[in-house]
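> Take this structure first; my questions come after.
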Amino acid sequence: MHTVPLTTPGLLRGALDVERTEHGLLPHRLPARARAQCADPQLAQAESQPSGVRLAFRTRATAVELDTLPTKRVYTGAPPRPDGVYEVLVDGVPHGRATADGGHTLTVDLATGSAEHRPGTPVTLRFTDLPDHDKDVEIWLPHNETTELVALRADAPVAAVPDRGRPVWLHHGSSISHGSDAANPTATWPARAALRAGVELVNLGLGGSALLDPFTARAMRDTPADLISVKIGINLVNADLMRLRAFGPAVHGFLDTIREGHPETPLLVISPLYCPIHEDTPGPAAFDLSALAEGRLGFRATGDPAEVPAGKLTLKVIRAELSRVVQERAADDPHLRHLDGLELYGPADHAELPLPDGLHPDAATHLRIGDRFAGLALTPGGLLTRTARTA
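Under the numbering used here, read the sequence shown as residues 1169 to 1559, first letter to last.
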């Protein structure tokens, strides 16, 4: 087996930074400077989970080995979480999957917020029976499981994948964009859309952390991209983070920062998907303890609708404000567009495919949203194409 240095240029895609650890390399989806500006454990966990991150190389190898050290999450009183999936694509076509039975364990008590970390050891995954010809191979890392890369080996030499001329799509959103409850890493809705449209994904979907943070905007400003989208709303409501007075200027500021680095890049602002608990009821959201007592995960809205006139945010309020902000800015920004999230998942979709925990779409819904987004935004003439803006 040939050892492939994990630092090989172009090998790791979809990460904005890598951290050297005791065992190897830990991919990060936010740069170190951004991570240093926020001590929130939720953000630290989310950005270290490699949603959309993959190893990409060209080889004739028929067998590849990956040594990995995942961090498994266990929620006290909730059903066991499935192991994260490692997915292999050969020339863009799914070829196999594996899970790592081992690694670190992080046990979280949702009722108290306490967490306990138990260290583990690396695991070797082996992917065999790859076609015996030169090919592009991608190993997509688990979208919902922090993953340290320890070593990569192949039974033939490995080279960088040549530039295929695919546009880079940079996306930011909440846990829904992160891929919560998707079945596998290529089935999160952004990955599904990217693969269908033939674009290179950089996914800054950060569970619980799409909060208009300035450091995220700066990371997007400084990341090369041909297409950019931001999905804004649900985390601001369920965190009860700000009022309407602050929201509009914060959106402007976030977009202003992105435009500092991407003045003419197609930029799409996406409003929230349909979510009944927060359509008319403000946050904060809370775990449904009665659901936990039954061994399932659920959420409920705890805000008072009577406070909406005083500026508390709901999804309906956010959709209206985002539409207004984009319309206002578009007068001077012909490359800015807006997509109502209800076009991706609306009331009719909820009647057919309800949100199992009250907040997050299930695996089938991720595929539906990804297919719709690819058609609406990423195909020729779509919302994220220059021709749509200059016609």
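Glycine residues also receive a C-beta, built at the ideal position from the N, C-alpha and C atoms.
Contact check, V1318 vs D1208 under 8 Å by CB: the rounded distance?
In the sequence shown, the residue the question calls residue 1318 occupies position 150. In the sequence shown, the residue the question calls residue 1208 occupies position 40. That pair is no contact at about 27 Å.
> Give me, in chain order, the residues of the same chain whose beta-carbon lies closer than 6 Å to that of D1251; leave out the 5 immediate sequence neighbours on both sides.
Residue mapping note: residue 1251 aligns to position 83 of the sequence shown, counting from 1. Here the set comprises T1267.
> Quick one: is L1395 near chain C, going by C-beta distance under 7 Å?
Annotation note: the requested chain C is absent from the structure, which comprises a single protein chain.
> Below 8 Å, how does it come out for the stretch 1314-1329 and the stretch 1223-1234: are there three or more Cβ pairs, yes or no?
Yes: the two stretches touch, three or more of their Cβ pairs being nearer than 8 Å.
> Going by Cα to Cα distance, which pick from C1206, A1418, L1179, L1465 is closest to L1193?
The residue labelled residue 1193 in the question sits at position 25 within the sequence shown. Considering only alpha carbons, the answer is L1179.
> Find the nearest neighbour of A1378 within the set G1526, F1415, D1390, A1359, judged by alpha-carbon distance.
Stepping through the sequence shown from its first residue, residue 1378 is reached at position 210. The shortest C-alpha separation from A1378 is found at F1415.
> Which partner residues of F1383 appear in the DSSP bridge assignment?
Position 215 of the sequence shown holds residue 1383. Paired residues: none, contrary to the question.
> Taking the C-alpha atoms as reference points, what is the distance between G1509 and S1439?
Residue 1509 sits at position 341 when you count from the first residue of the sequence shown. Residue 1439 sits at position 271 when you count from the first residue of the sequence shown. Distance between the alpha carbons of G1509 and S1439: 5 Å.
> What are the start and end residues of the beta strand (DSSP E) that includes R1468?
Reading the sequence shown from its first residue, position 300 is the one you call residue 1468. Residues 1467-1469.
> Kindly give me the distance between the Cβ atoms of A1407 and G1451, rounded to whole angstroms, as I take these residues to be in contact under 8 Å.
Position 239 of the sequence shown, counting from 1, holds the residue named residue 1407. Position 283 of the sequence shown, counting from 1, holds the residue named residue 1451. Going by Cβ atoms, the distance from A1407 to G1451 rounds to 6 Å, so yes, they are a contact pair.
> By how many angstroms is the C-alpha of V1485 removed from the C-alpha of I1402?
Counting from 1 along the sequence shown, the entry for residue 1402 is found at position 234. Counting from 1 along the sequence shown, the entry for residue 1485 is found at position 317. Roughly 11 Å between the two C-alpha positions.
> Is R1249 helix, strand or coil by DSSP?
As a working mapping, residue 1249 is identified with position 81 in the sequence shown. In the structure shown, R1249 sits in coil (DSSP, three-state: anything other than H, G, I, E or B).
> Heavy atom of the ligand GDP less than 6 Å from the Cβ of L1298, yes or no?
Ligands are entirely absent from the displayed structure, and the ligand GDP is therefore not among its contents.
> Relative to the C-alpha of T1216, which residue among A1355, L1237, R1364 is closest?
What you label residue 1216 is simply residue 48 of the sequence shown in a count that begins at 1. Inspection of the sequence shows that residue 1216 is occupied by Ser rather than by Thr. Answer by Cα proximity: L1237.
> Threshold first: 3 residues or longer. Then list the beta strand (DSSP E) segments lying entirely within the stretch 1201-1260, N to C.
If we require 3 residues or more, the beta strand (DSSP E) runs fully inside the stretch 1201-1260 come out as 1222-1227, 1232-1243, 1253-1258.
> Which residues in the same chain as E1489 place their Cβ atom closer than 8 Å to its Cβ, once the five residues preceding and following it in sequence are excluded?
Along the sequence shown, one-based indexing puts residue 1489 at 321. Excluding positions up to five away in sequence, the list reads L1412, F1415, G1416, V1419.
> Indicate the three-state DSSP secondary structure (helix, strand or coil) for E1432 in the structure shown.
For this step, residue 1432 is matched to residue 264 along the sequence shown. Residue state, collapsed to three classes: coil.
> Could you give the residue range of the beta strand (DSSP E) that holds G1341?
What you label residue 1341 is simply residue 173 of the sequence shown in a count that begins at 1. Note, G1341: beta strand (DSSP E), 1336-1341.
> On the three-state DSSP scale, how would you describe I1426?
Taking the sequence shown and counting its residues from 1, the one referred to as residue 1426 is at position 258. The answer is helix: DSSP assigns I1426 an H, G or I state.
> Would the stretch 1338-1350 and the stretch 1281-1290 be scored as touching if the rule is three or more Cβ pairs under 8 Å?
Flag = no, the stretch 1338-1350 and the stretch 1281-1290 do not touch.
> Is P1133 helix, strand or coil by DSSP?
This structure does not reach residue 1133, given that the chain is present from 1169 up to 1559, and the question cannot be answered.
> Using CA coordinates, which residue listed in M1388, D1277, H1446, M1410 is at the minimum distance from G1429?
As a position in the sequence shown, residue 1429 is number 261, starting the count at 1. Comparing Cα positions, the closest option is M1388.
> Per DSSP, which residues does K1399 bridge with? Please list them.
Along the sequence shown, one-based indexing puts residue 1399 at 231. BP columns for K1399 point to I1438.
> Mapping DSSP to helix, strand and coil, what is E1187?
Numbered from its first residue, the sequence shown carries residue 1187 at position 19. The answer is strand: DSSP assigns E1187 an E or B state.
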